[in-house]
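One point on numbering: in numbering that gives the first Met the number 0, the residue at position 121 of the sequence shown is 120, and numbering is uninterrupted. Cβ coordinates follow ideal geometry from the N, Cα and C atoms, glycine included. What follows is a single structure, written as structure tokens, with notes after it.
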Amino acid sequence: MPKALASHRAEVRFEPLGPARLDAVLEVENRSYAHPWNRANFHDVLHSGYQAQILMADNTIVGYFVAMKGVDEVHLLNITVAPEYQGQGWAHMMLDALDIWACSQNAETLWLEVRVGNTRARQVYERHGFAKVGQRKNYYAAGRNEREDALVMNMRLA
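Here is the structure:
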């Protein structure tokens, strides 16, 4: 178990994202990003049946991820670790869980986009086995009338 919550032996578990936890997830999302997903984005996820899991430690949201299954691939749409738990290994735990789920869906490849300037996330993905395969120009909002490129990364599953 990553260090921050290990000292009090928290019960760590995944649970599906549902309406009951949506406000708490939005609070984490808003603290985590300059351009967060909004309630409508999460409602779309829930209504579309995407894989949306929350990583809980006791009753605390440590993080969450949202992924969309394709024909033989899975696309990671959002992965977030609450700011107070970043840098402690929780993202790797969520990526491992995503790998297991994707394999159970017979996916061959995982895909994601990440902001070019998000060095920390890029390093997490690279350490997990993702490789850069392309770049999308002006993909993300980056401020008033500004845009930021996204790196497209993928990882073959075993």
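Identify the continuous beta strand (DSSP E) that holds HIS74 and give its terminal residues.
72-80
Counting only runs of 4+ residues fully inside the stretch 83-130, write out the alpha helix (DSSP H) ranges in chain order.
89-103, 118-127
Taking Cβ positions only, does GLU26 come closer than 7 Å to chain B?
In the structure shown, chain B cannot be found, because there is only a single protein chain.
GLN50 versus VAL24, VAL80, ALA101, residue with shortest Cα-Cα distance
ALA101
Between which two residues does the beta strand (DSSP E) harbouring LEU150 extend?
145-155
Segment contact flag, the stretch 51-58 with the stretch 82-97, C-beta cutoff 8 Å, min 3 pairs:
Short answer: they touch.
Helix, strand or coil: which one does DSSP assign to ASN137?
strand
Specify the secondary structure class of GLU10 as computed by DSSP and reduced to three states.
GLU10: coil per DSSP, three-state reduction.
Below 7 Å between beta carbons: does that hold for ALA140 and GLU112?
no
GLN52 burial status per 10 Å Cβ neighbour count (16 or more: buried):
buried
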